[in-house]
Amino acid sequence: MNTKEKQDLIELLVKVVTRAFGPEVTPYEKERIWVGCQTYVSTCPQVFFESCRHGIPQYHIDKALELSQKMIDNPKMAGNIIEF
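Counted from 1, the sequence shown has number 11 at position 11 by full-length UniProt numbering; the numbering is strictly sequential.
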């Protein structure tokens, strides 16, 4: 999987998680969701990307959603941003 495909998958994960929060997502929440998804993927990128060859499995969405909620609830919680 090339860098562009990896970035596209992360962007898709962010979109799906953002939709799960509903239509009233604030800019702050969007930022924290993005950081939460990046942090989730950075915990084990090889496993994430290998398991997403045919779409993002629900368990990845659930875990990214859970971490994003923690990021929103705790403003002091720092995230990991991955670089390719």
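Positions of the beta carbon are idealized from the N, C-alpha and C atoms, including for glycine.
8 Å Cβ cutoff met for Tyr40 and Lys4: Within the sequence shown, the letter at position 40 stands for residue 40. Within the sequence shown, the letter at position 4 stands for residue 4. No, Cβ-Cβ distance for Tyr40 and Lys4 is not below 8 Å.
What number of angstroms, rounded off, separates the C-alpha of His60 from the C-alpha of Phe49? Your numbering for residue 60 matches position 60 in the sequence shown. Your numbering for residue 49 matches position 49 in the sequence shown. When rounded, the separation of the alpha-carbon atoms in His60 and Phe49 is 11 Å.
I'd like to check one pair, Met71 with Gly22: are the Cβ atoms closer than 8 Å? As a first step, residue 22 must be located in the sequence shown, where it is residue number 22. As a first step, residue 71 must be located in the sequence shown, where it is residue number 71. Their beta carbons are not under 8 Å apart, which means Gly22 does not touch Met71 by this criterion.
Minimum length 4: unbroken alpha helix (DSSP H) runs contained in the segment 34-62: 45-51
Less than 8 Å between the CB atoms is what I'm expecting for Thr43 and Ile33, so what's the real figure, rounded? Residue mapping note: residue 43 aligns to position 43 of the sequence shown, counting from 1. Residue mapping note: residue 33 aligns to position 33 of the sequence shown, counting from 1. With 8 Å as the limit, Thr43 and Ile33 do not qualify as a contact, their Cβ atoms being about 16 Å apart.
Provide the residue span of the alpha helix (DSSP H) that contains Thr18, from first to last. Numbered from its first residue, the sequence shown carries residue 18 at position 18. The continuous alpha helix (DSSP H) containing Thr18 extends over residues Thr3 to Phe21.
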